[in-house]
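> Before anything else, here's the structure in question.
Protein chains: 2
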Amino acid sequence: MPGSMNISAASKAAGLPAKTVRYYADIGLVPAPARSQAGYRNYDDASVRKLVFVRRAREFGFSISECRELLGLYQDRRRSSADVKRIATLRLKKIAKKQHELQSLHDELAHLVDACRGDDRPDCPIINGLGGPGDRPCSPS
Amino acid sequence: MPGSMNISAASKAAGLPAKTVRYYADIGLVPAPARSQAGYRNYDDASVRKLVFVRRAREFGFSISECRELLGLYQDRRRSSADVKRIATLRLKKIAKKQHELQSLHDELAHLVDACRGDDRPDCPIINGLGGPGDRPCSPS
DNA sequence: CTAATCTTTCCTGTGACAGGAAGGTCAAGT
DNA sequence: ACTTGACCTTCCTGTCACAGGAAAGATTAG
Chain A
16 MPGSMNISAA SKAAGLPAKT VRYYADIGLV PAPARSQAGY RNYDDASVRK LVFVRRAREF
76 GFSISECREL LGLYQDRRRS SADVKRIATL RLKKIAKKQH ELQSLHDELA HLVDACRGDD
136 RPDCPIINGL GGPGDRPCSP S
Chain B
16 MPGSMNISAA SKAAGLPAKT VRYYADIGLV PAPARSQAGY RNYDDASVRK LVFVRRAREF
76 GFSISECREL LGLYQDRRRS SADVKRIATL RLKKIAKKQH ELQSLHDELA HLVDACRGDD
136 RPDCPIINGL GGPGDRPCSP S
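Respectively, the protein sequence lines represent chains A and B.
Residues in the first sequence are numbered from 16 upward in steps of one, following the working numbering.
Residues in the second sequence are numbered from 16 upward in steps of one, following the working numbering.
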């Protein structure tokens, strides 16, 4: 039989914690593995390849449900690569959006940090910029 | 009394959902507000300012515990602005690190998307690049 | 007085696992 | 054969920062 492993061997081969390997089967992301007479999970090479696939997809920022979708494509090679490209492009756009958000965040905070003397005096532009006492939102009359 | 509001007024003034306003008091991030005879929470302007402070800090990516720390500085103006600068600089570094991670992620995925024809043929570089059948990790002999 | 709109507390769910307890199993050494 | 230690199983709880909703009481407008 092509590599029948217990869960720790499979988890090492897949590069995932055993907990995560069990979890992925629990939520039905990957099919539940066969069991030994004593109830131990038996993983074969094909299962491990699926786990590796999921690990890499997760590293790419795909959510579990996106992984589910990708696994469907991965298993059904008759599907067009256009589907895969669509999903990956969507993910790419999300990444780019997140990058822009992080950029403006970074710039604004860097501006505050630059303006901060960083000495022992209590007046701090960072605190003020975050909405401190000098920046009351609205208290007329 | 300077603006005694119920929770919905305070939440509007602070720009936070009422649920979140309650939550912040529950976890002790902000002090628990006074109550009316019927048990309604009463917020004053100072409380609202603290909530605004927290909201802005959260928007800057500070975690709740970092907000806790910052609130301590915000309330104790005797503390040096160096402390604030240190915390903000740390956060700035984390943001920059995340940016780099996102960048390499983006580049790698974009490379795969570029290589993908996006047609109806089943051979997809994205799937392969994610560890598909053509990319077996290790199965010698 | 009634009806609508507050407010309260409490419980559950989210995403993607991690940590740990209680108990069964396996392989090696003595 | 027995013990030891490492492994496996299930199940429960905790994480983070809330969101959703149920059930019940309070307030306000008409």
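We treat Cβ as the ideally placed atom computed from N, Cα and C, and that holds for glycine.
#1: Would you verify that the beta carbon of Ile110 (chain B) is, or is not, closer than 8 Å to some beta carbon of chain A?
#2: Per DSSP, which one or two residues make a beta bridge with Asn57 (chain B)?
#3: Between which two residues does the alpha helix (DSSP H) holding Ser80 (chain B) run?
#4: Using a Cβ-Cβ cut-off of less than 8 Å, list which residues of the stretch 39-65 of chain B approach chain A; keep chain order.
#5: Determine the contact status of Cys82 (chain A) and Lys100 (chain B), defining contact as a CB-CB distance below 8 Å.
#6: Can you list, in chain order, the residues of the stretch 102-128 of chain A whose Cβ is nearer than 8 Å to any Cβ on chain B?
#7: Tell me which residues share the same chain as Ala33 (chain B) and place their Cβ nearer than 7 Å to its Cβ, disregarding the 5 neighbours each side in the sequence.
#8: Tell me which same chain residues have a C-beta within less than 6 Å of the C-beta of Tyr58 (chain B), skipping the five on either side of it?
#9: Considering only their Cβ atoms, is the gap separating Leu124 (chain B) from Leu107 (chain A) smaller than 8 Å?
#10: Cβ of Leu120 (chain A) within 8 Å of Cβ of Phe77 (chain B)?
#11: What residues from chain A crowd round Gly76 (chain B), counting only those whose CB sits closer than 7 Å?
Taking the definition as stated:
#1: The residue given as residue 110 (chain B) occupies position 95 in the second sequence. Closer than 8 Å: yes.
#2: Here residue 57 (chain B) refers to the residue found at position 42 of the second sequence. BP columns for Asn57 (chain B) point to B:Ala49.
#3: As a position in the second sequence, residue 80 (chain B) is number 65, starting the count at 1. Ser80 (chain B) -> alpha helix (DSSP H) spans 79-90.
#4: Asp60, Val63, Arg64
#5: What you label residue 82 (chain A) is simply residue 67 of the first sequence in a count that begins at 1. What you label residue 100 (chain B) is simply residue 85 of the second sequence in a count that begins at 1. No, they are not a contact pair.
#6: Ala103, Thr104, Arg106, Leu107, Ile110, Ala111, Lys113, Gln114, Leu117, Gln118, Leu120, His121, Glu123, Leu124, Ala125, Leu127, Val128
#7: Counted from its first residue, the second sequence places residue 33 (chain B) at position 18. Ile22, Ser23, Ser26.
#8: Working through the second sequence from its first residue, we reach residue 58 (chain B) at position 43. Same-chain partners within the cutoff: Met20, Ala25, Pro48.
#9: Residue numbering aside, residue 107 (chain A) sits at position 92 when the first sequence is read from its first letter. Residue numbering aside, residue 124 (chain B) sits at position 109 when the second sequence is read from its first letter. Against a cut-off of 8 Å, the Cβ pair of Leu124 (chain B) and Leu107 (chain A) comes out as a contact.
#10: Here residue 120 (chain A) is taken as the residue at index 105 of the first sequence, counted from 1. Here residue 77 (chain B) is taken as the residue at index 62 of the second sequence, counted from 1. In this structure, Phe77 (chain B) does not lie closer than 8 Å to Leu120 (chain A) by Cβ.
#11: One-based indexing of the second sequence puts residue 76 (chain B) at position 61. Simply Leu120.
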